[in-house]
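To start, the structure under review is shown below, and the notes come after it.
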Amino acid sequence: MTAVVVAPGNAGIAQHAELRPVDPSSGEAVVALAREVGADLVVIGPEVPLVLGVADAVRAAGIACFGPSAAAARIEGSKAFAKDVMAAAGVRTAHSEIVDNPADLDAALDRFGPTWVVKDDGLAAGKGVVVTPDRSAARDHGAELLEQGHPVLLESFLDGPEVSLFCLVDGETVVPLLPAQDHKRVGDGDSGPNTGGMGAYTPLPWLPADAVEEIVRDVVAPVAAELVRRDAAFSGLLYAGLAMGAAGPAVVEFNCRFGDPETQAVLALLESPLGELLHATATGRLAEAPAPRWAEGAAVTVVLAAENYPARPRLGDVIGGAGETGPDEATVLHAGTALRDGALVSAGGRVLNVVGTGADLAAAREQAYARIGSIKLPGSHYRTDIGLGAVENRISLSSS
Ligand code: GLY
C-alpha cells in the first residue's frame, strides 16, 4: 500500500493524506506512529523537532528518515555553532557578537551599524529579526529580547540581493535545487516588520548562470565537509540564505529544513518524484540518484496572511474561495488552516499560499494574483509585488 500519514497537518493536506494528532516534537511518538503504519520513510519538516533530535530517534529505530540529526541541526539551532562551522570552513558571513547582558547592549550596538541587524539567538521563525537604520529601534528590539531572557545576536549588515539556495545534502554529497528569493517584510516595497516570508519566486533571472555552482563550491560543500569532520554529518535539506554582494555570496543564515515560502515555488517546477530524492538522501544514496529534473518557466508563491500578522494574527475566521482550482489556475496550498464544523477557517498567521506558474515570471505572477484575488478572508492581506523587482529588471548584483 502507498499512503502518506501526516502529523499534525492542516485542512489542505487532509485532502491528500491521513492526519494523526501526534506531537511531531516527540521522538517517541513519531517512532510509534512510524512503526504502527509501517513507514518506509519519515520526513521531518520543521526545525524544532530536528533540533530536538527526532531524526535521531527515528534512525535509531531502524527507519529511513529525511532530516538531520540534532548534532547537524545545530547549524540552524545555534547561531554560535553555525558561525564556528563557517569560520572553520572558510565561508564568508556577517561579523557577529552575542549579547546576553542588558548592560552590554549599548556598547555592542556602537560597534555595529548603520544598518543594525538584531536577531533572537534561537529559533524564532524569522520574526525575531529586526534590520533597521534606526539605532533606537535596534536597541528597543535587543532590550525586549533580553527582557524575555533571549540572548541577542548583533550582525554586520550584508549588502546585495538575497538568494535562498536549498540543497539536498547527504554527508559530502550536495545536490542544489533551483535558487529562489523570499520577501521577508510584511508590506509592498519591503516595508514594515519582518515575517516568516510573504512570497517567493524561482528561478532568479538576474542571477548569473554559474552562481549556483559557485555557491555550492564556496559555501555549501565546505560547510557539509566541515560537519562531516565534526562527526555531525548532515543528511537532509540544507538551506543557505545568502546575500549576493560585490565580493561574492555571503551567508545570512543556514537552516536545517525546507524554507517557507520558497519551497512552494521551487517544488512547483520539480518534475522528478520528490519522494525518490528524499528517500535517496535518507538512505545515503543521493550520489547515485538521477539529478532533479525541472520544468521550464517560473513559479511564484504569494502568501495570504491573517489580519494583524505578524504581530498577533486574528485566527478562526471563515475562508471562502480557496477550494476547487481550474487547470489553468494557480494552486492554493494551505499553511495555517483548520476545519471547524465543516468550514475552512484560519488557524495561523500565514494562512494560504497561492502558487502561480508560467512561461516566465510575469506570467507566473499574473496567474497567482488572479487566483488570490478570489479568496475571501476578513482582514487578510498579501503583498502585491512578489517577484516584481525581477520582472522590472530592478535587481542586479551591484544593487541591494
Ligand atoms: N523563508 C524563510 C524561512 O523559511 O526561514
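Numbering (our numbering), first residue to last: -10 to 389.
All C-beta atoms in this analysis are idealised placements derived from N, C-alpha and C, irrespective of residue type, glycine included.
As the structure is a computational prediction, the values presented were derived from the model and not from experiment.
- The three-state reading of DSSP puts arginine 339 in strand, counting E and B together.
- Assigned with DSSP and collapsed to three states, glutamate 25 falls in helix.
- Secondary structure note for histidine 323: its beta strand (DSSP E) is the uninterrupted segment 320 to 323.
- With a cut-off of 8 Å, the C-beta of asparagine 90 is classified as distant from the ligand GLY, since no heavy atom of the ligand falls inside that distance.
- Where alanine 44 is concerned, the enclosing alpha helix (DSSP H) starts and stops at 43 to 49.
- Inclusion of valine 106 and phenylalanine 70 in the CB contact set at 9 Å is not warranted, their separation being larger than that value.
- Your pair leucine 231 and valine 217 does not check out as a contact, with CB atoms roughly 21 Å apart and the cut at 8 Å.
- The ligand GLY never approaches serine 14 closely enough for any of its heavy atoms to be under 8 Å from the residue's Cβ.
- Counting C-beta atoms within 10 angstroms of its own C-beta, valine 158 has 16 or more neighbours from the protein chains shown and is therefore classed as buried.
- Judged by DSSP secondary structure, leucine 193 falls outside any beta strand (DSSP E); it is assigned neither H nor E.
- In terms of Cβ geometry, alanine 76 and isoleucine 52 do not form a close pair [threshold 9 Å].
- Valine 118 has Lys108 as its beta-bridge partners, per DSSP.
- Membership of methionine 75 in the alpha helix (DSSP H) is indicated by the continuous run 68 to 78.
- The Cβ-Cβ distance between proline 182 and valine 119 falls below 9 Å.
- Looking only at Arg329, Leu196, Ala336, the smallest Cα-Cα distance to histidine 323 is reached by Ala336.
- When C-alpha distances from arginine 303 are compared across Gly149, Glu86, Val334, Pro38, the shortest belongs to Val334.
- Within the region 238 to 276, the runs of alpha helix (DSSP H) at least 4 residues long that lie entirely inside it are, in chain order, 251 to 257, 263 to 271.
- Glutamate 251 has its Cβ nearer than 8 Å to a heavy atom of the ligand GLY.
- Judged by the Cβ position, tyrosine 228 qualifies as a neighbour of the ligand GLY at the 8 Å threshold, a heavy atom of the ligand being closer than this.
- DSSP, read as helix, strand or coil, puts glycine 176 in strand.
- For valine 80, the closest alpha carbon among the candidates Val208, Glu285, Glu251 is that of Val208.
- For leucine 328, the number of other beta carbons within 10 angstroms of its own is below 16, and it is reported as exposed.
- Assigned with DSSP and collapsed to three states, alanine 300 falls in coil, not helix or strand.
- Residue state for proline 165 is assigned as strand, using DSSP reduced to three classes.
- Rounded to whole angstroms, glycine 312 and threonine 252 show a C-alpha spacing of 21 Å.
- Histidine 172 counts as buried, since no fewer than 16 other beta carbons sit within 10 angstroms of its beta carbon.
- Burial check for lysine 365: the Cβ neighbour count within 10 Å stays below 16, so the residue is exposed.
- Rounded to the nearest whole angstrom, the C-alpha separation of valine 141 and glutamate 285 is 43 Å.
- DSSP links threonine 326 through a beta bridge to Ser335.
- Per DSSP, leucine 147 lies in no beta strand (DSSP E) segment and is marked neither H nor E.
- Close CB contacts of valine 37 within its chain, under the 7 Å cut and outside five residues either way in sequence, are with Ser14, Leu112 (chain order).
- At the C-beta level, serine 224 and alanine 276 stay beyond 9 Å of one another.
- About 18 Å separates the beta carbons of glycine 362 and arginine 339, which is beyond the 8 Å limit, so they are not a contact pair.
- As DSSP reads the structure, asparagine 382 sits in no beta bridge.
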